[in-house]
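Asks: Read in this note's numbering, the sequence shown has 136 at position 91, and its numbers run on one by one without any break.
The beta-carbon is built from N, C-alpha and C at its ideal position, and this holds for glycine as well.
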Amino acid sequence: MAKKRLGLRQVKLLFVKLVLSLFLISVVWVLLYRWVAPPATLHMLQRRAEAGAAEKEEPGIKYKFVPLEEMSPQLPLAVVASEDQLFLQHHGFDFDAIWDAFQRNQKGGNIRGGSTISQQVAKNVFLWHGRSYFRKAVEAYFTMLIEVLWGKERIMEVYLNIAEMGDGVFGVEAAAQKYFDKPASDVGRQQAALLAAVLPNPIKYSAKNPSGYVRTRRGRIARAMGRLGGTTYIKEILPETDEK
Numbered sequence: 046m047a048k049k050r051l052g053l054r055q056v057k058l059l060f061v062k063l064v065l066s067l068f069l070i071s072v073v074w075v076l077l078y079r080w081v082a083p084p085a086t087l088h089m090l091q092r093r094a095e096a097g098a099a100e101k102e103e104p105g106i107k108y109k110f111v112p113l114e115e116m117s118p119q120l121p122l123a124v125v126a127s128e129d130q131l132f133l134q135h136h137g138f139d140f141d142a143i144w145d146a147f148q149r150n151q152k153g154g155n156i157r158g159g160s161t162i163s164q165q166v167a168k169n170v171f172l173w174h175g176r177s178y179f180r181k182a183v184e185a186y187f188t189m190l191i192e193v194l195w196g197k198e199r200i201m202e203v204y205l206n207i208a209e210m211g212d213g214v215f216g217v218e219a220a221a222q223k224y225f226d227k228p229a230s231d232v233g234r235q236q237a238a239l240l241a242a243v244l245p246n247p248i249k250y251s252a253k254n255p256s257g258y259v260r261t262r263r264g265r266i267a268r269a270m271g272r273l274g275g276t277t278y279i280k281e282i283l284p285e286t287d288e289k
């Protein structure tokens with residue numbers, strides 16, 4: 046009986062040590078990316094593997110991390126207007142949007158997400174893509190970590206660099222160079238709105254040859270950017286040189 050109790054105590058101790066180890070590793074990992082650009086994400090590696098398997102002519106990933114200072118302020122405004130207008134107000138989760146997406150999905154049809162920009166960053170930087178409850182729980186954990194340890198400006202900076210904006214094209218710098226032949230710092234409102242318009246499905250929708258749907262969506266996003274008040278709406282996350 047004593048041996049059985051001892052064994053159970055050891056199992057509990059090992060479990061506690063494992064949980065603490067995973068917690069410390071996750072905190073160190075998140076803190077590292079607070080200052081260091083992610084060299085790649087699991088999604089990028091997956092897309093590279095898929096391109097190689099399909100024997101595409103250009104299977105490589107286009108990705109160049111640039112700081113927020115080297116981006117047009119129209120870019121963060123466009124994704125806020127398109128993806129998460131309460132980005133600066135919430136603490137990682139928009140529960141009204143989550144509930145609305147849940148109700149819509151219960152009715153069938155195309156599955157809709159209620160993820161905030163913070164949740165998308167947590168998923169794309171630290172996790173794999175999937176729809177399991179376990180993955181969503183881990184996503185929520187990393188979302189809370191980056192909200193606390195990074196802050197909104199860094200979350201936006203990373204999001205704009207790792208979001209897929211075309212087949213194998215990741216981040217605003219690679220997208221601006223490929224589609225507009227200019228750096229991300231020179232992107233205007235309509236071009237920023239166009240990049241945001243393809244985010245829901247960058248494989249189906251094209252910024253290079255936008256369909257009628259994409260052009261319509263670009264117009265809606267551009268108008269939303271104006272209704273929000275322009276870049277003054279996001280001035281608290283813009284670098285000081287861009288606050289004018």
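Can you name the start and end residues of the beta strand (DSSP E) that Met210 belongs to?
Replies: Note, Met210: beta strand (DSSP E), Glu209 to Gly211.
Asks: Quick check: the stretch 120-136 against the stretch 273-286, are there 3 or more CB pairs under 8 Å?
Replies: Touching, yes.
Asks: For the alpha helix (DSSP H) that contains Lys181, what are its first and last residues?
Replies: Element bounds for Lys181: Tyr178 to Leu194.
Asks: Exposed or buried, Thr86, counting other C-beta atoms within 10 Å across all chains shown (16 or more means buried)?
Replies: Its Cβ being crowded by 16 or more others within 10 Å, Thr86 is buried.
Asks: Alpha carbon to alpha carbon, how far is Lys197 from Val61?
Replies: The straight-line gap from Cα to Cα measures roughly 32 Å.
Asks: Is Asn206 near Gly213, with beta carbons less than 9 Å apart?
Replies: No, they are not a contact pair.
Asks: Tell me whether Ile191 is buried or exposed, calling it buried when 16 or more other Cβ atoms sit within 10 Å of its Cβ.
Replies: Ile191 is buried by the Cβ-count criterion.
Asks: In the DSSP assignment, find the unbroken alpha helix (DSSP H) run with Ile266 in it and report its ends.
Replies: From DSSP, the alpha helix (DSSP H) with Ile266 extends over Gly257 to Arg272.
Asks: Take Val193 as the anchor and find which of Ala167, Phe110 and Ala182 has the nearest alpha-carbon.
Replies: Ranking the options by Cα distance to Val193, first place goes to Ala167.
Asks: Among Lys227, Glu184 and Gly105, which residue has its Cα nearest to the Cα of Met89?
Replies: Per the Cα distances, Gly105.
Asks: Is Ala220 closer than 9 Å to Gly211 when the C-beta atoms are compared?
Replies: It is a contact, given that the beta carbons lie within the stated cut-off.
Asks: Can you say whether Phe68 is buried or exposed, counting buried as having 16 or more other CB atoms within 10 angstroms of its CB?
Replies: Looking at its Cβ environment, which holds fewer than 16 other Cβ atoms inside 10 Å, Phe68 is exposed.
Asks: Under the three-state reduction of DSSP, which class applies to Phe215: helix, strand or coil?
Replies: Three-state result, Phe215: strand.
Asks: Shortest alpha-carbon distance to Ser127 belongs to which of Glu114, Met270, Glu281 and Pro284?
Replies: Minimum Cα distance to Ser127 is reached at Met270.
Asks: Let me know if Lys113 comes out buried or exposed under the rule of 16 or more other beta-carbons within 10 Å of its beta-carbon.
Replies: Sequence check: residue 113 is Leu here, not Lys. With 16 or more Cβ atoms within 10 Å of its Cβ, Leu113 is classed as buried.
Asks: Going straight from the alpha carbon of Leu133 to that of Arg79, what length do you get?
Replies: The alpha-carbon atoms of Leu133 and Arg79 are separated by roughly 18 Å.
Asks: Given that a residue counts as buried once 16 or more other Cβ atoms are within 10 Å of its Cβ, and exposed if not, what is Ala238?
Replies: By the 10 Å Cβ count, Ala238 comes out buried.
Asks: Jot down the residue ranges of each uninterrupted alpha helix (DSSP H) in the stretch 46-131, minimum 4 residues, whole runs only, in chain order.
Replies: The stretch 46-131 contains these whole alpha helix (DSSP H) runs: 47-80, 87-98 and 119-128.
Asks: Please list, in chain order, all residues of the same chain as Ile200 whose beta carbon is under 8 Å from its beta carbon, the five residues on each side excluded.
Replies: Hits under 8 Å: Ile162, Ser163, Val166, Ile191 and Glu192.
Asks: Where does Glu218 land, buried or exposed, given buried means 16+ other C-beta within 10 angstroms?
Replies: So Glu218 ends up on the buried side.
Asks: If you follow the alpha helix (DSSP H) that Val243 is part of, which residue opens it and which one closes it?
Replies: Val243 -> no alpha helix (DSSP H), and no H or E assigned at all.
Asks: Could you tell me the distance, in whole angstroms, from the CA atom of Leu53 to the CA atom of Leu65?
Replies: If I take the Cα positions, the gap works out to 18 Å.
Asks: Can you tell me which of Leu59, Val75 and Ser117 puts its alpha carbon nearest to the alpha carbon of Thr188?
Replies: Residue Val75 is the option with its Cα nearest to Thr188.
Asks: May I have the straight-line CA-CA distance separating Tyr108 from Gln91, to the nearest angstrom?
Replies: Taking the straight line joining both Cα atoms gives about 14 Å.
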